[in-house]
Amino acid sequence: MNAPFYEFGLLGDNASLLVALLIGIAFGFFLERGGLGNARKLAGQFYLTDLVVLKVMFSAIVTAMLGLFWLSKLGLLDLSRVYLLPTYVAPHLIGGVVFGVGFVMGGLCPGTSCVAASSGRIDGLVLLGGMLFGILLFNEAFPLLQGLYYSTELGQVTVAELLGLPHGVLVFIVVVAALGSFVLAERIEARTK
Amino acid sequence: MTQGASPRPYMNPYVAGVGIGVALLLAFVIMGRGLGASGALSTVVATGVNTVAPDHTTDRLPYEAYLGDGTVSPLKDWLVFEILGITLGGLLSALLAGRFRASIDKGPRASNRSRLLFAFGGGTIMGIGAKLARGCTSGQALTGGALLSVGSWLFIIGAFAAGYMAAPLFRREWT
Amino acid sequence: MTVRFTTNGLLAAAALVLGVGAPVAGSPYRGDAHRAPPAAEPVAWVPAADGRVSALLVAEWLRERKPGLRISDLRGVDAYERFHLPKAEPVAPQDLLPEAFSRDETVVVYGPDSAEARLAASTLREAGIGQAYYLADGVAEWLTEILNPTLSPDAAPEERAAWERTAELSRYFGGLPRIEAGVAEPRSAAEVLRRTVRRGCAF
Chain A
1 MNAPFYEFGL
11 LGDNASLLVA
21 LLIGIAFGFF
31 LERGGLGNAR
41 KLAGQFYLTD
51 LVVLKVMFSA
61 IVTAMLGLFW
71 LSKLGLLDLS
81 RVYLLPTYVA
91 PHLIGGVVFG
101 VGFVMGGLCP
111 GTSCVAASSG
121 RIDGLVLLGG
131 MLFGILLFNE
141 AFPLLQGLYY
151 STELGQVTVA
161 ELLGLPHGVL
171 VFIVVVAALG
181 SFVLAERIEA
191 RTK
Chain B
194 MTQGASPRPY
204 MNPYVAGVGI
214 GVALLLAFVI
224 MGRGLGASGA
234 LSTVVATGVN
244 TVAPDHTTDR
254 LPYEAYLGDG
264 TVSPLKDWLV
274 FEILGITLGG
284 LLSALLAGRF
294 RASIDKGPRA
304 SNRSRLLFAF
314 GGGTIMGIGA
324 KLARGCTSGQ
334 ALTGGALLSV
344 GSWLFIIGAF
354 AAGYMAAPLF
364 RREWT
Chain C
369 MTVRFTTNGL
379 LAAAALVLGV
389 GAPVAGSPYR
399 GDAHRAPPAA
409 EPVAWVPAAD
419 GRVSALLVAE
429 WLRERKPGLR
439 ISDLRGVDAY
449 ERFHLPKAEP
459 VAPQDLLPEA
469 FSRDETVVVY
479 GPDSAEARLA
489 ASTLREAGIG
499 QAYYLADGVA
509 EWLTEILNPT
519 LSPDAAPEER
529 AAWERTAELS
539 RYFGGLPRIE
549 AGVAEPRSAA
559 EVLRRTVRRG
569 CAF
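Residue numbers (this note's numbering), protein chains in the order written: chain A, 1 to 193; chain B, 194 to 368; chain C, 369 to 571.
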């Protein structure tokens, strides 16, 4: 199997848009199934009353991470042809902090706000509007933010490469951390019920 | 339309997470890229501004990066189609589970007015943060997290740390 | 003795098995992290005797995450901020010193013109940095060869075979490989960026 299919020219541009739609439907479906279309459940993460965000996100990350590793290992996927997001230390950290503040304030993120809006939540729709406004502000302020935006570029680097660990060892560490955090999460939720 | 006579309980979050993980993996396997959401919203903003003030977006970053060269609509974009899918998938799941309800989710002590104000404000702040970090929970945390990218994990740590530290400010909205 | 199989238990067990197997299984990347080009390769995939490399080769090094790869941009901070090659570092020509690199690193230099870049690379080689190369047409070559490669519709079969490799690389970096007749006119960086397909939420 030659994957990623698009990288091997097996998929046209129109077909890839259809793929986007179908994958998006699956993504939105499972987000709503897990309750992430509900701002109150999402915000509960930060008050330790409902840790569904941790459980869903970390499960998703571990699933995809294991899938990438093992499909590659079995020769079914060429991992070097999967686009690795480049690292910019300061923008990623600062952007993350800013995002986190907005997240606990608004209770939804871009993807989940679409799910909330499509289940009738007016707060989801309003939050979506806020995000469009925030993006507009950033765009207009870009000349001032440009320096920060392009700073501290490390290029495409994985945590394994940075720490000098074999890829598989890091995968193991992440799995153990995830399972450990799930056990902890169940305990915390039981206590705050 | 309001359902909600007896909405179904939510799915096991770990199973839902695995479902999302499989969708993310399919994106990697089929397209060689991950998921995203803020990028689609950037395209929408750029298209909107370009429609109202085309001179303003010419040769100006970040706008021009989302507009293409004019031969094809900028909305014919992978992330735009994906976010449409997210919306449809959410609608489908909500309808099937009897959870579609025109309503406002908020904490027991919050008013609708404060909830909506904070939703708009929080959304604005997240929009700025997502642009700076080159993605959001979908594009950076999930995608980059699975790829073990350093920047994405920095984003995750920054976002969750900040969320916990800022939580006391919004206690009255949620608890 | 009864054993209860819960959904969560099964998921956790599966994750644990796959997770424990990972460190034992070795690297998920195919072959070595960098592979030597095979003997009978077309010129573009091998450094030339005077240190010239093609954008295609640099692109392949970047994609394979070749260890010790350093890319130096001599064009000045303004040009760098407008557009630079992935992983490039801005360096003033007078600051491009051999001490900044180690002997086992692979250095690629590009600048406003090929003469400056070639001189910088050969200076580094003379000072003992054996793998110092230059990208003759710098950013223009990257924009044309990687982000905007074209193949004529009536190209010979061997060209088509070589095209596959180019097109894959191009798509990886978010480029737009196209099969079209006519000579591609030079495009500005801004125009090429406009046409470039994004691979994430960033621009």
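Every residue, glycine too, gets a C-beta built ideally from N, C-alpha and C.
- CA-to-CA, the gap between A:ASP50 and B:LEU218 works out to about 27 Å.
- For the stretch 158-170 of chain A, residues whose beta-carbon sits nearer than 8 Å to a beta-carbon of chain C comprise GLU161, PRO166, HIS167, GLY168, VAL169.
- Take A:GLU161, set aside five residues on each side of it, and no residue of its chain has a beta-carbon closer than 8 Å to its own.
- Here DSSP, grouped into helix, strand and coil, assigns C:LEU503 to strand.
- The CB of B:ASN205 comes closer than 8 Å to the CB of THR375, ASN376 in chain C, given here in chain order.
- Comparing alpha-carbon positions, the option among C:VAL421, C:LEU544, C:ALA570, C:GLU509 lying closest to A:ASP13 turns out to be C:LEU544.
- Per DSSP, the beta-bridge partners of C:LEU437 are C:THR474.
- For C:GLY389, no beta strand (DSSP E) run applies; the uninterrupted alpha helix (DSSP H) run containing it begins and ends at 375-393, by DSSP.
- Just so you know, the alpha carbons of C:GLY436 and A:LEU21 end up roughly 40 Å apart.
- By the Cβ-count criterion, B:SER304 is exposed, with fewer than 16 other Cβ atoms from all chains shown falling within 10 Å of its own Cβ.
- The distance from the Cβ of B:LEU341 to that of A:VAL56 is about 19 Å, inconsistent with a contact at the 8 Å cut-off.
- By the Cβ neighbour-count rule, A:SER113 is buried, with 16 or more other Cβ atoms within 10 Å of its own.
- Residue-level contact by beta carbon fails for A:TYR150 and chain B, as no gap is shorter than 8 Å.
- At least 8 Å separates the CB of A:SER181 from every CB of chain B.
- The beta-carbon distance between C:CYS569 and B:GLY225, rounded to whole angstroms, is 16 Å. This is too long to meet the 8 Å contact definition.
- Interface annotation, B:LEU219: not in contact with chain C, CB-CB separation never under 8 Å.
- Separation of A:TYR6 and B:TRP367 (C-alpha to C-alpha, rounded to the nearest whole angstrom) is 44 Å.
- Interface criterion met: the Cβ of A:PRO86 is under 8 Å from a Cβ in chain C.
- Its chain contains no residue whose beta carbon lies nearer than 6 Å to that of B:LEU347 once the 5 sequence neighbours on both sides are disregarded.
- Counting the other CB atoms within 10 Å of its CB gives B:LYS299 a total of 16 or more, which places it among the buried residues.
- Per DSSP, the unbroken beta strand (DSSP E) holding C:ALA456 starts and ends at 456-458.
- Using a Cβ-Cβ cut-off of 8 Å, C:VAL388 counts as an interface residue toward chain A, since at least one Cβ of chain A sits closer than that to its own.
- Pairing A:ALA64 with B:PHE221 gives a Cβ-Cβ distance under 8 Å.
- In the DSSP assignment, B:GLY351 falls within the unbroken alpha helix (DSSP H) covering 343-359.
- The C-beta distance from C:ALA485 to C:GLY506 rounds to 7 Å, short enough to meet the 8 Å contact threshold.
- Taking 7 Å as the cut-off between beta carbons, the residues of the stretch 449-475 of chain C near chain A are GLU449, PRO454, LYS455, in sequence order.
- Chain B has a Cβ within less than 8 Å of the Cβ of A:THR63.
- Contact annotation for C:ALA570 against chain B: ARG327, GLY328 [CB-CB distance below 7 Å, chain order].
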